[in-house]
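Undergrad: First the structure, then my questions, so here it is.
Numbering (full-length UniProt numbering), first residue to last: 1 to 513.
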């Protein structure tokens, strides 16, 4: 390649680095505030998709003709592939992690299978809902989210009888129903819970689609039953969704089921993330982010629950506002601002974009939340002490303890253990089957069946040698659990004595079960 060509490529690469990866024409120019740090650009190009979540085709640019052909008169999002899928976590996280890693950064995230332990997940069959709350009246909406033609209210029984029509239930969660919903761990912090606004229940038979809209509050959307596809759009694309021309600000006039690319040509500029949710999943939707929620037609659930026909989702909203900008102060002059005698130009799209830019700019300086209600002191808990030879705590009781924990209290376990110790002191005959054991009881050679191991601790060298021989022959969970503890702090002499001493293993000096 010619030397000048190489020089041009190098200069172009440097330009990309200096502009933090934002190419000319990559996004609409912002008027007003000049933020040299470009946090929003970094956010979109980097963490927007989540780690290793971006699709390989994200960097591929499509021609105007292709974008139009792909999207005209087709569902919203058809004009181009998503930039990636929303980050997914296989577990719920703490309030502090949720707030500091996602909320203050307005970063969407899906928590997989975190709703499946709710009573609502297993109990809310159509029959249960009809029997328990059939007489309660709820508000209705149309499947196409028509805000102008609102159906009349119906009782739960009436809705369940006719929900195969063009309406679906959308109303606040009734107080009596809240006992079947567990507040997510991520929300159990007063810095979040003090700002709870409202919670809503959505029910349908599937085949519903919301308008492309935004919420001014934070939202954790949980799917109890059904499958949802959610398109999320960053506020920087508000102008491309014709926000300022809408009949209702915050709700786009664009038909999400058949986008008119002739009437709304700027839609082709919109990039988006895709979130796929199944029964039991929860999605964090940041405030001010545009989104469209589509419920698939009824289909067999991954977990079959007899009597469930309706699709159900639950939304929890809480209020939030950006942190103060300490670096620039509470207010500062705008560049290119209008003179006093000029008529100002107002734009809701610009306000949404400015809001998100502010959020991203101040995110690094937001202090960690305290969650004081979660703080606990040591005196609220019970601790074992090495000064008491008869002390007992959970974790020492083997398989019996594990079984009892499912049905009985800690006091019952301690009582059983104390009774066993009294039997040992009085030389009373002990049923070895009542002693705790972590080894395989079905194996006739297991150490729990040996009288020498009744007093099973690190000082019982005879038993320890038996355990070593047993574990040398069998792979057993008990070996994994006990050997590191029993051998810890053994001296070189004790270790040598263990190797040289006679063993009971294989002699038959055992209590047969």
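Backbone N, C-alpha and C fix where the C-beta goes; we use that ideal spot for every residue, glycine too.
Source: prediction; values computed, not measured.
(1) Do you know how far the Cα of residue 124 is from the Cα of residue 72?
(2) Can you name, in chain order, every residue of its own chain whose Cβ lies under 8 Å from the Cβ of residue 355, other than the five neighbours on each side?
(3) Could you tell me which whole beta strand (DSSP E) segments of length 3 or greater appear in the UniProt domain "JmjC" (174-325)?
(4) Under 8 Å between the Cβ atoms of residue 485 and residue 458?
(5) From what residue to what residue does the alpha helix (DSSP H) around residue 97 run?
(6) Closer than 8 Å, CB to CB, is residue 151 near chain B or not?
(7) Which residues in the same chain as residue 23 place their Cβ atom closer than 6 Å to its Cβ, once the five residues preceding and following it in sequence are excluded?
(8) In the DSSP assignment, the beta strand (DSSP E) including residue 483 goes from what residue to what residue?
(9) Take residue 178 as the anchor and find which of 132, 76, 159, 215 has the nearest alpha-carbon.
(10) If you run the structure through DSSP and keep just helix, strand and coil, what is residue 168?
(11) From the DSSP output, which residues share a beta bridge with residue 110?
(12) Taking the alpha carbon of residue 290 as the point to measure from, which residue in 346, 106, 92, 278 has its own alpha carbon closest?
(13) How far does the beta strand (DSSP E) with residue 125 in it reach, from first residue to last?
(14) State the start and end residues of the unbroken alpha helix (DSSP H) segment that holds residue 582.
(15) How many whole angstroms separate the CB atoms of residue 202 and residue 313, which I take to be in contact at a CB cut-off of 8 Å?
(16) Just how far apart, CA to CA, sit residue 229 and residue 77?
(17) Relative to the C-alpha of residue 505, which residue among 466, 492, 262 is closest?
(18) Can you give the Cα-Cα distance for residue 446 and residue 439, rounded to whole angstroms?
(19) For residue 238 versus residue 353, is the C-beta spacing smaller than 8 Å?
(20) Which word fits residue 310, buried or exposed, when buried means at least 16 other C-beta atoms lie within 10 angstroms of its C-beta?
(21) What residue range does the beta strand (DSSP E) around residue 140 cover?
(22) With the cut-off set at 8 Å, would you say residue 241 and residue 273 are in Cβ contact?
TA: In this structure, then:
(1) The residue you call residue 72 lines up with position 72 of the chain shown. The residue you call residue 124 lines up with position 124 of the chain shown. If I take the Cα positions, the gap works out to 40 Å.
(2) By 1-based counting over the chain shown, the position of residue 355 is 355. Excluding positions up to five away in sequence, the list reads 235, 288, 322.
(3) 196-204, 218-225, 228-233, 273-277, 282-285, 290-295, 311-318, all fully within the UniProt domain "JmjC" (174-325).
(4) Mapped onto the chain shown, residue 485 falls at position 485. Mapped onto the chain shown, residue 458 falls at position 458. Using a Cβ distance threshold of 8 Å, residue 485 and residue 458 count as a contacting pair.
(5) Start at 1 with the first residue of the chain shown, and residue 97 comes out as number 97. Taken as a continuous stretch (DSSP letters only), the alpha helix (DSSP H) holding residue 97 covers 95-98.
(6) As a matter of chain content, chain B is missing from the structure shown, which is built from one protein chain.
(7) Numbered from its first residue, the chain shown carries residue 23 at position 23. Residue placement at residue 23 is flagged as unreliable, the pLDDT there being 33, under the threshold of 50; the coordinate-derived value follows with that caveat. Nothing listed; no residue qualifies.
(8) Along the chain shown, one-based indexing puts residue 483 at 483. Unbroken run through residue 483 is the alpha helix (DSSP H), 477-487; no beta strand (DSSP E).
(9) Taking the first residue of the chain shown as position 1, residue 178 is located at position 178. Ranking 132, 76, 159, 215 by CA distance to the CA of residue 178 puts 132 first.
(10) The residue labelled residue 168 in the question sits at position 168 within the chain shown. Residue 168: strand per DSSP, three-state reduction.
(11) Your numbering for residue 110 matches position 110 in the chain shown. Under DSSP, residue 110 forms a beta bridge with 88, 283.
(12) The residue labelled residue 290 in the question sits at position 290 within the chain shown. Between residue 290 and the set 346, 106, 92, 278, the nearest pair of CA atoms involves 106.
(13) Here residue 125 refers to the residue found at position 125 of the chain shown. Per DSSP, residue 125 lies in no beta strand (DSSP E) segment and is marked neither H nor E.
(14) Look at the range of the chain in this structure, 1 to 513, and you will see that residue 582 is not part of it.
(15) Looking up residue 202 in the chain shown gives position 202. Looking up residue 313 in the chain shown gives position 313. Going by Cβ atoms, the distance from residue 202 to residue 313 rounds to 5 Å, so yes, they are a contact pair.
(16) Start at 1 with the first residue of the chain shown, and residue 229 comes out as number 229. Start at 1 with the first residue of the chain shown, and residue 77 comes out as number 77. Inter-residue distance for residue 229 and residue 77 is about 11 Å (C-alpha atoms, whole angstroms).
(17) Walking along the chain shown from the start, residue 505 turns up at place 505. Nearest C-alpha to residue 505: 466.
(18) For the purposes of this step, residue 446 is taken as residue 446 along the chain shown, with counting starting at 1. For the purposes of this step, residue 439 is taken as residue 439 along the chain shown, with counting starting at 1. Rounded to the nearest whole angstrom, the CA to CA distance from residue 446 to residue 439 is 6 Å.
(19) Residue mapping note: residue 238 aligns to position 238 of the chain shown, counting from 1. Residue mapping note: residue 353 aligns to position 353 of the chain shown, counting from 1. Pairing residue 238 with residue 353 gives a Cβ-Cβ distance under 8 Å.
(20) On the chain shown, residue 310 is found 310 positions in, with the first residue counted as 1. Under a 10 Å Cβ-count criterion, residue 310 is classified as buried, with 16 or more other Cβ atoms of the shown protein chains found around its own Cβ.
(21) Locating residue 140 in the chain shown gives position 140, where the first residue counts as 1. Residue 140 -> beta strand (DSSP E) spans 140-142.
(22) Within the chain shown, numbered from 1, the residue matching residue 241 stands at position 241. Within the chain shown, numbered from 1, the residue matching residue 273 stands at position 273. Result no, Cβ atoms of residue 241 and residue 273 do not sit closer than 8 Å.
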